[in-house]
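K.L.:
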DNA sequence: AACTTGTCCTGTCATGCCGTCAGCTTACCG
DNA sequence: CGGTAAGCTGACGGCATGACAGGACAAGTT
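Chains as they are written, first to last, in UniProt numbering: chain A, 1 to 215; chain B, 1 to 215.
1) Nearest-angstrom Cα distance between residue 93(A) and residue 202(A)?
2) For residue 12(A), does the three-state DSSP call read helix, strand or coil?
3) Step through the CB atoms of chain B and report whether any lies within less than 8 Å of the CB of residue 122(A).
4) Could you tell me how far apart the beta carbons of residue 235(A) and residue 24(A) are, in whole angstroms, since I believe they sit closer than 8 Å?
5) According to the Cβ coordinates, are residue 63(A) and residue 40(A) closer than 8 Å?
6) Just to confirm before moving on: does the CB-CB distance between residue 206(A) and residue 207(B) stay below 8 Å?
7) If you measure beta-carbon to beta-carbon, which residues of the segment 198-215 of chain A are closer than 7 Å to chain B?
8) Is it right to say residue 165(B) is buried, meaning 16 or more other beta carbons lie within 10 angstroms of its own, or is it exposed?
9) Classify residue 1(B) as buried or exposed, calling it buried when 16 or more other Cβ atoms lie within 10 Å of its own Cβ.
10) For residue 184(A), which residues in chain B fall below 7 Å Cβ to Cβ?
11) Give me the chain B residues within the contact set of residue 95(A), using Cβ-Cβ distance strictly less than 7 Å, ordered along the chain.
12) Would you kindly check if the distance between the Cβ of residue 135(A) and the Cβ of residue 124(A) is under 8 Å?
13) Under a CB-based cut-off of 8 Å, is residue 163(B) close to chain A?
14) For residue 191(A), go through chain B and note every residue whose CB falls closer than 8 Å to its CB, in chain order.
15) Taking C-alpha atoms, which residue in 60(B), 29(B), 72(B) lies nearest to residue 48(B)?
16) Under 8 Å between C-beta atoms, does residue 74(B) make it to chain A?
17) Just list the alpha helix (DSSP H) runs in the segment 105-193 of chain A, keeping only unbroken ones of 4 residues or longer that don't cross its boundaries, in chain order.
18) Going by beta carbon distance, what residues of the same chain come within less than 7 Å of residue 44(B), once the five residues before and after it are set aside?
19) Compute the beta-carbon to beta-carbon distance between residue 186(B) and residue 170(A), rounded to the nearest angstrom, for a pair I have assumed lies under 8 Å.
20) Along chain B, which residues have their Cβ under 7 Å away from the Cβ of residue 136(A)?
21) Just checking: is the beta-carbon of residue 2(B) within a distance shorter than 8 Å of some beta-carbon in chain A?
22) Chain A partners of residue 195(B), CB-CB under 9 Å?
23) With 8 Å set as the bound, which would you pick, yes or no: does the beta-carbon of residue 111(B) sit closer than that to a beta-carbon of chain A?
24) With C-beta atoms as the reference, is residue 100(B) less than 8 Å away from residue 197(B)?
25) For chain B, find out if any of its Cβ atoms is closer than 8 Å to the Cβ of residue 36(A); answer yes or no.
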């Protein structure tokens, strides 16, 4: 399906080429997690990969192009997140468990990919369609099934029907993303890292069901 | 209090100098709202201001330094946001009104300053202490009084005491910030811009009071 | 008006990164 | 072993950076 990997000038990349390409991506990823995005230079990435800048340009049009590649890979990875919500129950205590697992799983994914997600988030906020799409893919992996869950609860009369299911689930997912990205803010507010989940989960439960979580 | 404005090399700036300096800041602000942060160059800002790059470096150590200046100005502005919450009632319908005004006011502020806040948010996420502090100042303008409100409700037995007031209010403010910054995501979810407030406000009310909003 | 003083701006320069290309090396295949 | 395509890099023009010295300018003094 995904035609062979090609260099910028149209050659097909062989075994060795793909290795170099991958090494460049790995080094870029590393670079992004250690220095500000604005300061990431092609020459540094190339040096770290033990190759030359010219080689970088053989595989990627520019830094942004390579970042997009990493981001797309991560977006594929995010597909598994839908299992955090799909088919789960929101009734009573099992609902509390669902919300806790959702918070835990989503935060873990975001933190694991925090460096690349920072850049994706910035790009999306700046209006770049490609980054926006990637961000939506990640968010939707959870937001879509969560919207379905809210709709389901509404149709059973167990949730406020005046609310838009997409808006509610979108808001809750935005909250989780923001909390994951800016965990330090909570620390500054005196909230310990381990207290984050126990405080976010009830909010999620509350948002989805409209009810206080049972003890 | 704030000692005179000084150039990088220590001279005090006079009338004309301050004008130039201000023009550079204005152009940088403009630049940030029209092109990606990564691509903002000193030479472009200088050109737009009708001056030379060398002049820019007389007033600011680098682009980041100038951005910090703009951000600090905005942080001062954010002080007025505390009126959105301080001294407001959360009881019954007036509580609903409070939450609506909070959502409205906060979103408006964030959108008005979206370009600079994007950069601040990125810097904070990347671990830069100066940007982090500025972001906290903005968030705290609302988060602090909101935390007090939650504490107050808890002490009156009108809210779940097992929740950490700082965590709850921090989460709600994070949600608002995220919604403001990524309004387009909601549009993509089929939520119209004018439906954002009516959906966010109940969530805020719900989070603060733990109760369903009265109709 | 000429002079003085301190502010303000810019031409210029060394440095370093960007992005491209021609050309060399390496690997694979018949 | 020659042919072919992949893989890599040195070198180069172009541009941004950041520093400095010196000239332009405003305002007050004599």
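Glycine included, each C-beta is placed from N, C-alpha and C at the ideal position. Quick caveat: nothing in here was measured; it's all calculated off a predicted structure.
P.N.:
Walking through what the data contain:
1) 11 Å
2) Strand, per DSSP.
3) yes
4) Past the edges of chain A, shown from 1 to 215, lies residue 235(A), and the structure says nothing about it.
5) yes
6) yes
7) Those residues of the segment 198-215 of chain A that come within reach of chain B (Cβ to Cβ, closer than 7 Å) are 199, 200, 202, 203, 206, 207, 210, 212.
8) buried
9) For residue 1(B), the predicted model reports a pLDDT of 41, less than 50, meaning its position is unreliable; a value from the coordinates is still stated below. Label assigned to residue 1(B): exposed.
10) 132
11) Those within 7 Å of residue 95(A) in chain B number zero; the least Cβ separation is about 15 Å.
12) yes
13) yes
14) 164, 166, 167, 170
15) 29(B)
16) no
17) The segment 105-193 of chain A contains these whole alpha helix (DSSP H) runs: 114-125, 129-155, 165-181, 183-188.
18) 31
19) 6 Å
20) Contact of residue 136(A) with chain B by beta-carbon distance below 7 Å involves 185, 188.
21) At residue 2(B), the pLDDT of 47 sits below 50, so the modelled position is not reliable; the number obtained from the coordinates is stated separately. No, no contact with chain A.
22) Ordered by position in chain A, the residues that pass the 9 Å Cβ test against residue 195(B) are 164, 167.
23) no
24) A contact, by the Cβ cut-off of 8 Å.
25) yes
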